[in-house]
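Residue numbers (this note's numbering): 115 to 406.
Positions of the beta carbon are idealized from the N, C-alpha and C atoms, including for glycine.
Remarks on the structure that follows.
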């Protein structure tokens, strides 16, 4: 009961901010716990190669994002360093297209817009925001200078939610040995569907602060009575490290306009087709190399 009263007090205490024109910027750090067990038992993989793979995966998953928001709209964008010449090609370039671009969200309309480039073509994804059924638990803790409240929900796992993919495992020693053989074939052909599986849904835990009374949060998350400061979704954690409210310099919050308009489902289908085409070309090249 005390926790619920605390939430009410925080909401009432935020009326001063509510009375103002709201604009804010929040910086988030991402961290992903990847399943690296597929590298175990690979006799051909040297320690140096494993270390290099783990370092590359870390670079891909540990990123910095900035959320800029007003009362009803927000943009969420990764802070990207300039690539060195020659980077961004092949599978690395394809992986880059699967990462989120700048995402614009409109709370009143319940819609988001995201611009992405795929192999030289620009797409404009427009779709509905996920409607999560949040359950506020009443738990609270301090995150930085803010009191945050805990909320939980479940949501479907995305088509290309690589962070939550897990290695397929056998139920016993014989099945595990058979799976390792499938892993070797999958690595040789580039068909990772026999190697990994993804859950149908993931558990989302969010910590939000009513002291900043907006319904925004990082990525697609939002809809709570306060800015989300931390999200734990499956194997991914997004943690707010810095907040600025009503700075003198502000950026206009608006959606991207350039690109072929598609839904998220249509974009995922196109990306899946392009990945399969690249896998077949890559697999064919390796096959020809072995036959020489």
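A Cβ-Cβ contact shorter than 8 Å links residue 352 with residue 333. Taken through DSSP and simplified to helix, strand or coil, residue 233 comes out as coil. With at least 16 other beta carbons inside 10 angstroms of its own, residue 318 counts as buried. Residue 139 sits close to residue 181, with the two beta carbons spaced by under 8 Å. In this structure, DSSP gives residue 338 a state outside helix and strand, which the three-state scheme calls coil. One alpha carbon belongs to residue 244, the other to residue 238, and they sit about 18 Å apart.
A residue is called buried once 16 or more other Cβ atoms fall within 10 Å of its Cβ, and residue 188 is buried on that count.
Nearest Cα to residue 339 within the set 348, 369, 356 and 326: 326. Annotated as distal: residue 342 and residue 184, with beta-carbon spacing of 8 Å or more.
Around the beta-carbon of residue 331, 16 or more other beta-carbon atoms lie within 10 Å, marking it buried. Sorting 335, 248 and 220 by C-alpha distance to the C-alpha of residue 142 places 335 at the top. By the Cβ-count criterion, residue 373 is buried, with 16 or more other Cβ atoms from all chains shown falling within 10 Å of its own Cβ.
Residue 147 counts as exposed, since fewer than 16 other beta carbons sit within 10 angstroms of its beta carbon. Beta-bridge annotation (DSSP): residue 352 is paired with 144 and 345.
When the beta-carbon positions are compared, residue 221 and residue 378 stay at least 8 Å from each other.
If you look at residue 220, you'll find it in the beta strand (DSSP E) that goes 217-220. Under the criterion of beta carbons closer than 8 Å, residue 162 and residue 178 do not qualify as touching, at roughly 28 Å.
Checking the DSSP bridge columns, you'll see residue 255 partnered with 262. Between the alpha carbons of residue 266 and residue 395 lies a distance of about 43 Å.
In the DSSP assignment, residue 321 forms a beta bridge with 264 and 344. Excluding the 5 residues flanking it on each side, residue 224 has same chain C-beta neighbours closer than 7 Å at 242 and 243, in chain order. Looking at the backbone, the Cα of residue 246 and that of residue 361 are separated by about 31 Å.
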